[in-house]
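Please read the structure below before turning to the comments.
Residue numbers (UniProt numbering): 1 to 332.
Laid out in structure tokens, this is it:
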């Protein structure tokens, strides 16, 4: 089968489009013929984490396709079923943190940037009927991450005010869509006027320039109940400063720096809640799909590249040029 792999050299230089051997499912597994996959920042990180001495790895964690073959004992899905793939392996029930042994599709095992993938039958769910294959292919990982951050961790409610710095990434566009769907007020930030305007078109109530030194002035001293911080050091303290007393900040990203210094006295006097999160359980994956179906939510698509041009897709993501999700066409 055709696949996009990483081997031998760290970074994008070690990627190539080549033939790889596919496999039949073992007991409890299914083989999926992938129609589309989605690109995530994790795929860029994998290019550095996958050891140069290791054999070729098919990267990719997101995908949607059609069941091609089922292994022994599988009775939850059938050949021909249209499915989306949950990348979280071994995290079945909602919990405070993932269990020991939790892994993701796409490292250490092979991922979704290939014509076929074999995964546990428990990791596929029916494709939402209102989504195109392109949209279904980019939904799972970022959609799950956003859902857990917003609902399980932050416990967002209708009427809450939510601050989303760095709008434009796939996960933040899902946060925007999910929060607006349940009746929250959403404020976004971005350095890009284009991205701010796109966010307003999607329903954001206010969009401010991340480069502004004084966010309080832009917010006209409005405070927020919940902030979801995915940027990191560049915006963390500005974000924290916008929280109401007793407000909640959830973080799952650090694209602009891992190390953050905060005024701890100011923090505990403010009675703030700081929560970390990443990915989610399969139970939350099903809840996310229920939300998407209930409110007819459709992912925001940036661009779609053929599998053979995945390197160019990754370059676009690496340069933060996208607004929404980048898709990979495999058997479109």
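In this text, a Cβ means the ideal position worked out from N, Cα and C, and glycines have one as well.
Quiz item: Can you check whether the CB of residue 144 is closer than 7 Å to the CB of residue 285?
Solution: Mapped onto the chain shown, residue 285 falls at position 285. Mapped onto the chain shown, residue 144 falls at position 144. Residue 144 sits close to residue 285, with the two beta carbons spaced by under 7 Å.
Quiz prompt | Residue from 138, 270 and 1 with nearest C-alpha to residue 114 | solution = By one-based count along the chain shown, residue 114 stands at place 114. Considering only alpha carbons, the answer is 1.
Self-check item: At least three beta-carbon pairs within less than 8 Å, the segment 309-322 to the segment 131-142
Solution: Fewer than three beta-carbon pairs drawn from the segment 309-322 and the segment 131-142 are found closer than 8 Å, and the two stretches are therefore not classed as touching.
Quiz item: From which residue to which residue does the alpha helix (DSSP H) around residue 217 run?
Solution: Working through the chain shown from its first residue, we reach residue 217 at position 217. First-last of the alpha helix (DSSP H) with residue 217: 215-218.
Exercise. Using a threshold of 7 Å, state whether the C-beta atoms of residue 43 and residue 58 are closer than that.
Key: Against the chain shown, residue 43 aligns to sequence position 43. Against the chain shown, residue 58 aligns to sequence position 58. No; because the gap between Cβ atoms is not below 7 Å, this pair is not in contact.
Quiz prompt | As assigned by DSSP and simplified to three states, the class of residue 17 | solution = Within the chain shown, numbered from 1, the residue matching residue 17 stands at position 17. Residue 17 sits in a strand when the DSSP states are folded into three classes.
Practice problem: Give, in chain order, every unbroken run of the beta strand (DSSP E) that is at least 3 residues long and sits entirely within the segment 198-254. | Solution: For the segment 198-254, the full-length beta strand (DSSP E) segments reaching 3 residues or more read 206-209, 224-229 and 243-251 along the chain.
Self-check item: 6 Å CB neighbourhood of residue 105 in its chain, flanking five on each side removed
Solution: The count along the chain shown starts at 1 and reaches residue 105 at position 105. Once the five neighbours on either side are set aside, the close Cβ partners of residue 105 are 61, 87 and 111.
Quiz item: Helix, strand or coil: which one does DSSP assign to residue 306?
Solution: Position 306 of the chain shown, counted from the first residue, corresponds to residue 306. When DSSP states are grouped into helix, strand and coil, residue 306 belongs to the strand group.
Quiz item: Can you give the beta carbon distance from residue 160 to residue 226, rounded, assuming they're within the 8 Å contact cut?
Solution: Your numbering for residue 160 matches position 160 in the chain shown. Your numbering for residue 226 matches position 226 in the chain shown. Right, their Cβ atoms sit about 6 Å apart.
Quiz item: Per DSSP, which one or two residues make a beta bridge with residue 301?
Solution: Indexing the chain shown from 1 puts residue 301 at position 301. Beta-bridge partners assigned by DSSP to residue 301: 325.
Practice problem: Can you give me the Cβ contacts of residue 224 inside the same chain, cut-off strictly under 7 Å, excluding the 5 residues immediately before and after it? | Solution: Taking the chain shown and counting its residues from 1, one reaches residue 224 at position 224. 161, 162, 163, 187, 242, 243, 244 and 247.
Quiz item: residue 76 to residue 222, Cα distance in whole Å?
Solution: For this step, residue 76 is matched to residue 76 along the chain shown. For this step, residue 222 is matched to residue 222 along the chain shown. Their backbone Cα atoms lie some 49 Å apart in a straight line.
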